[in-house]
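Taking it in order: structure first as structure tokens, then the write-up.
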Amino acid sequence: PNSDQMAGHVVLALPDVDNLGPQAATQDRGGNLWVSLVRSGVYQRTGERWTPFGDHANLPREPAIVLTTDETGRTWFGYTASRVALLERDTVRLYTEEDGLSVGNVLAIHVRGPHIWVGGEFGLALLVEGRFRPVTGRNGTEFRGTSGIVETPDGELWLHGAIGITRIPAVEVRRVTQDSSYQVENERLDFRDGLDGTAP
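Taking our numbering, I'd label the letters of the sequence shown as residues 14 to 213.
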């Protein structure tokens, strides 16, 4: 059987392809599961069937590092080399360095309301009027290795990255969304505050 009901969870068989296991997963607006398999690619499950790349010709033919579906039902795919794909209904839009995205390998995507944040090995970016703008801290601090992003209901932005955990106050978030060249004030928590381990 392809699925099994156990302790309230559904167990699904992965696509029958050579892979090193799942790297990311999300559920799209139609309730379909997307999974990115290391070394193989991205697959969409519709009913009992897995379809490579969801049959979308414009999706990169490689695994995605991160997958997420936002509150409006759009699905986002993050890749190596500063690339993000957006699937909205049946249309794919690929953002690259030509669109200002320069975070290296994409490690996190977070969408809250109109704010689209992308984190990666080289820093943090915000999508503003169709182009990505780098977000830096006071004195040019780059939020390198950002692999976790949360914008709270109150508008604060929290990042998890190579430099530790960073909190950007809501007033600073508002300023940078209005002026993408603004360098945000921020609070950092790291090993000196008892934070152990690394961001991944």
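Ideal Cβ placement from N, Cα and C applies to all residues, glycine included.
All figures in this text were calculated on a predicted structure; none of them were measured in a lab.
Boundaries of the alpha helix (DSSP H) harbouring T190: A183 to Q191, taken from the DSSP string.
Rounded to the nearest angstrom, the gap between the Cα atoms of L25 and N45 is 13 Å.
The beta carbon of A37 sits closer than 7 Å to the beta carbons of S49, A77, I78, V79 and L80 from its chain, once the five residues preceding and following it are set aside; these are given in chain order. V116 sits close to G136, with the two beta carbons spaced by under 7 Å. Relative to the Cα of E200, the nearest Cα in the group T149, P166, S193 and D29 belongs to T149. By the 16-neighbour rule on beta-carbons within 10 angstroms, Q57 is buried. DSSP places F90 in the strand class (E or B) of the three-state scheme. Exclusion of the five residues before and after Y108 leaves V97 and L114 as the residues of its chain whose Cβ lies within less than 6 Å of its Cβ.
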